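Asker: Numbering (the numbering used here), first residue to last: -18 to 332.
C-beta: ideal position from N, C-alpha, C; glycine also.
Keep in mind the model is a prediction, meaning the values are calculated, not measured.
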Ligand SMILES: Cc1cc2nc3c(=O)[nH]c(=O)nc-3n(C[C@H](O)[C@H](O)[C@H](O)COP(=O)(O)O)c2cc1C
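(1) Across which residues does DSSP place residue 233 in a beta bridge pair?
(2) With a threshold of 7 Å on Cβ separation, who are the neighbours of residue 201 within its own chain once the five nearest residues in sequence on each side are excluded?
(3) Would you report the Cα separation of residue 208 and residue 277, rounded to the nearest angstrom?
(4) Taking C-alpha atoms, which residue in 49, 80, 92 lies nearest to residue 110?
(5) Spatial neighbours of residue 293 within its chain, please: CB distance less than 7 Å, with the 5 preceding and 5 following residues excluded, ordered by chain position.
(6) Alpha carbon to alpha carbon, how far is residue 129 from residue 141? Give it in angstroms, no decimals.
(7) Please go through the same chain and pick out, in chain order, the residues whose beta-carbon is closer than 6 Å to the beta-carbon of residue 213, but skip the five residues on each side of it.
(8) Between residue 169 and residue 305, how many whole angstroms is the CB-CB distance? I'm expecting something under 8 Å.
(9) Can you name the start and end residues of the alpha helix (DSSP H) that residue 123 belongs to?
(10) Is the number of C-beta pairs between the segment 186 to 202 and the segment 250 to 262 that are closer than 8 Å three or more?
(11) Can you say whether residue 221 is buried or exposed, counting buried as having 16 or more other CB atoms within 10 angstroms of its CB?
(12) Ligand 1 and residue 273: does the residue's C-beta get closer than 6 Å to at least one heavy atom of that ligand?
(13) Hey, which unbroken runs of the beta strand (DSSP E) at 3 residues or more fall wholly within the segment 232 to 319?
(14) Ligand 1 and residue 188: does the residue's C-beta get closer than 6 Å to at least one heavy atom of that ligand?
(15) Can you tell which of 182, 298, 65 has the C-alpha that lies nearest to the C-alpha of residue 113?
(16) Is the beta carbon of residue 88 sitting closer than 7 Å to the one on residue 178?
(17) Kindly identify the DSSP beta-bridge partner or partners of residue 169.
(18) Is residue -9 helix, strand or coil by DSSP?
(19) Might you give, ordered along the chain, the residues of its own chain that have their beta carbon closer than 6 Å to the beta carbon of residue 282, omitting 5 neighbours on each side?
(20) In angstroms, rounded to a whole number, what distance separates the CA positions of residue 295 and residue 181?
(21) Comparing alpha-carbon positions, which option in 74, 307, 203 lies nearest residue 123?
(22) Give a single yes or no on whether residue 165 has its beta carbon closer than 6 Å to a heavy atom of ligand 1.
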């Protein structure tokens, strides 16, 4: 049954009225809220299952002492200990044993001829750590294990370094030019997007910060025409230009990077920080992009997961359309917030 314009407006007003009433009621108590979201709404279910699946995978990896996430996090903790201004003579004692175990397992997964940079970084940080820290039985045990893996006399290079004075020549104006150049582009040329350019931009995206350097972000890129078209029609916001996209990527986050439910938002924060750098870097290699909303809709999530076969703990954060901007196409002006609305200093609302 199709509603006429007036009936549709009335139905929508009724829905808003009802929703407003129900939400006000459940906001009064967490019990109401729990009852509502357990029995009447599926909104959070998928996220809850994903978070739990991530924690289970994390615990399994912990038991096996095998995961790059665990290694990155622990090496990061050791590095933090090393850069502290008042460094303690003994630190990281509680987790240095497991860190060396993680390192050992991860090294085992790599080809000896081509050790990935993060393994070299881990090795170098551990070399520096054992060279710096004072003696302790637990540390000595870990040190012994570590040095049985050291085949050569390696010199630590990827370790904390003196920052010194800032020497780069990128000016504020240069940066402003770049960020003004980036616009959400929805009119692309029908032209193949070279993977090497995208990879170059991804090398920049990889430099983004992430909580405890865990780096849970992954870029699932689709440029095979059929698959790309399928993916471009998944996000709700591509109506009118989905068929115009010749490369699309899903930015995803891996929840198995975390042990605690409290960290469940980290994948979104880390993913967006990385995506922003990626989009800026695309501009520098002559490509344009449009970030695409990935709404928390059960049916869409299932479609994406089933089609690509990703694990439950890997969640889509956003999609990004990538391509050559058509010079004859328009972009929205999209005025930005005034500085006075964007920020406040020392504002205390309840005084
Ligand atoms: C998380 C996110 C989701 C977005 N989703 C869509 C979308 O689904 N469809 C679309 O056309 N634009 C989408 N955009 C682009 C915004 O509309 C755009 O960033 C905004 O209007 C500002 O314009 P600008 O990017 O050109 O500065 C999205 C942007 C972000 C950051």
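Answerer: Straight from the coordinates:
(1) Along the chain shown, one-based indexing puts residue 233 at 252. Looking at the DSSP output, residue 233 sits in a beta bridge with 199, 297.
(2) For this step, residue 201 is matched to residue 220 along the chain shown. So the list reads 230, 231, 233, 289, once near-sequence residues are dropped.
(3) Residue mapping note: residue 208 aligns to position 227 of the chain shown, counting from 1. Residue mapping note: residue 277 aligns to position 296 of the chain shown, counting from 1. If I take the Cα positions, the gap works out to 22 Å.
(4) Mapped onto the chain shown, residue 110 falls at position 129. Considering only 49, 80, 92, the residue with the shortest C-alpha distance to residue 110 is 80.
(5) Locating residue 293 in the chain shown gives position 312, where the first residue counts as 1. Only 30, 31, 34 meet the Cβ criterion.
(6) By one-based count along the chain shown, residue 141 stands at place 160. By one-based count along the chain shown, residue 129 stands at place 148. Taken atom to atom, the span from the alpha-carbon of residue 141 to that of residue 129 is near 24 Å.
(7) Here the question's residue 213 lines up with position 232 in the chain shown. Once the five neighbours on either side are set aside, the close Cβ partners of residue 213 are 219, 223, 226, 229.
(8) Here residue 169 corresponds to residue number 188 of the chain shown, with the count starting at 1. Here residue 305 corresponds to residue number 324 of the chain shown, with the count starting at 1. The pair is a contact, with the Cβ atoms about 6 Å apart (cut-off 8 Å).
(9) Within the chain shown, the letter at position 142 stands for residue 123. For residue 123, the enclosing alpha helix (DSSP H) starts and ends at 118 to 130.
(10) The segment 186 to 202 makes contact with the segment 250 to 262: 3 or more CB pairs, one atom from each, lie closer than 8 Å.
(11) Counting from one through the chain shown, the residue named residue 221 turns up at place 240. Exposed.
(12) One-based indexing of the chain shown puts residue 273 at position 292. Indeed, a heavy atom of ligand 1 lies less than 6 Å from the Cβ.
(13) DSSP runs (the beta strand (DSSP E)) wholly in the segment 232 to 319: 269 to 274, 295 to 304.
(14) Against the chain shown, residue 188 aligns to sequence position 207. No, ligand 1 has no heavy atom inside 6 Å of this Cβ.
(15) Along the chain shown, read from residue 1 onward, the residue named residue 113 stands at position 132. Measuring from the Cα of residue 113, the nearest candidate turns out to be 65.
(16) To locate residue 88, count along the chain shown from 1; it is residue 107. To locate residue 178, count along the chain shown from 1; it is residue 197. In terms of Cβ geometry, residue 88 and residue 178 do not form a close pair [threshold 7 Å].
(17) Locating residue 169 in the chain shown gives position 188, where the first residue counts as 1. Paired residue(s): 306.
(18) As a position in the chain shown, residue -9 is number 10, starting the count at 1. Helix.
(19) In the chain shown, residue 282 corresponds to position 301, counting from 1. Cβ within range, chain order: 27.
(20) Position 314 of the chain shown, counted from the start, is the residue given in the question as residue 295. Position 200 of the chain shown, counted from the start, is the residue given in the question as residue 181. About 24 Å.
(21) Within the chain shown, residue 123 is the residue found at index 142, counting from 1. Out of 74, 307, 203, 74 has the C-alpha closest to the C-alpha of residue 123.
(22) Counting from 1 along the chain shown, the entry for residue 165 is found at position 184. True, at least one ligand heavy atom lies under 6 Å from that Cβ.
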